Amino acid sequence: MSPAFGNLLIRVNAGFLMLASAGGLATDIAGSFFGVGAEATLLANAPGTGIGFIEAHGLALIIGVTMWRVAYSRNWHALLTAVHLLLGTANLLFWQFFIAADVLAVGYVTTAAHFLFVVAHLAALAGAARLAAPSR
14 MSPAFGNLLI
24 RVNAGFLMLA
34 SAGGLATDIA
44 GSFFGVGAEA
54 TLLANAPGTG
64 IGFIEAHGLA
74 LIIGVTMWRV
84 AYSRNWHALL
94 TAVHLLLGTA
104 NLLFWQFFIA
114 ADVLAVGYVT
124 TAAHFLFVVA
134 HLAALAGAAR
144 LAAPSR
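So the number in our numbering is just where the residue sits in the sequence shown, counting from 1, plus 13.
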């Protein structure tokens, strides 16, 4: 994989992380502090549990901003593979939250995107390894 394409993949990924996490943070804050929105049902009896939502979406935003600003390195593909594997797996493990909050479409789109990024970054790593291997 060429560095130009690898950098484009990282930028698209960063844009997704920033957009999705900003939307998640807005929903987290609305549900946690104002009792409105999709998460209000989940947090009604225990608003303090919103801390996990806010931390996860806040960290995803920080990672997205960081990835937008970094110089290209194939090592970023490994980091982003791990990030999306974690986020996508968490979505699957806590799928009931998407059902309870009546936001299944959000669950489908974000979870699919996380695993598409896992595949894309693994492909980028494989391509970068092939380019870095000594020719025989």
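The C-beta atom is built at its ideal place from N, Cα and C for all residues, glycine as well.
Since we're looking at a predicted model, the values are computed, not measured.
DSSP, reduced to helix, strand and coil, places residue 31 within a helical segment of the structure shown.
For residue 78, the CB contacts under 8 angstroms within the same chain, skipping 5 residues up- and downstream, are 27 and 31 in chain order. Contact annotation, residue 37 with residue 70: C-beta distance approximately 4 angstroms; criterion of less than 8 angstroms satisfied. The shortest C-alpha to C-alpha distance from residue 58 to any of 14, 67, 45 and 65 is the one to 45.
In the DSSP assignment, residue 78 falls within the unbroken alpha helix (DSSP H) covering 63-82.
Rounded to the nearest whole angstrom, the C-alpha separation of residue 83 and residue 43 is 31 angstroms.
According to the DSSP assignment, residue 111 belongs to the alpha helix (DSSP H) that extends over 108-113.
The three-state secondary structure of residue 15, taken from DSSP, is coil. Nearest in C-alpha terms to residue 93, of all of 105, 16 and 24, is 24. In the displayed model, residue 50 falls within coil according to three-state DSSP, outside both helix and strand. In this structure, residue 95 keeps its C-beta atom at 7 angstroms or more from the C-beta atom of residue 34. Taking all protein chains in view, the Cβ of residue 108 is surrounded by fewer than 16 other Cβ atoms within 10 Å, so the residue is classified as exposed. With a beta-carbon spacing of about 11 angstroms, residue 141 and residue 22 fall beyond the 8 angstroms limit used to define contacts.
Sequence-distant Cβ neighbours of residue 48 in its own chain, meaning closer than 8 angstroms and more than five residues away, are 56, 57 and 60.
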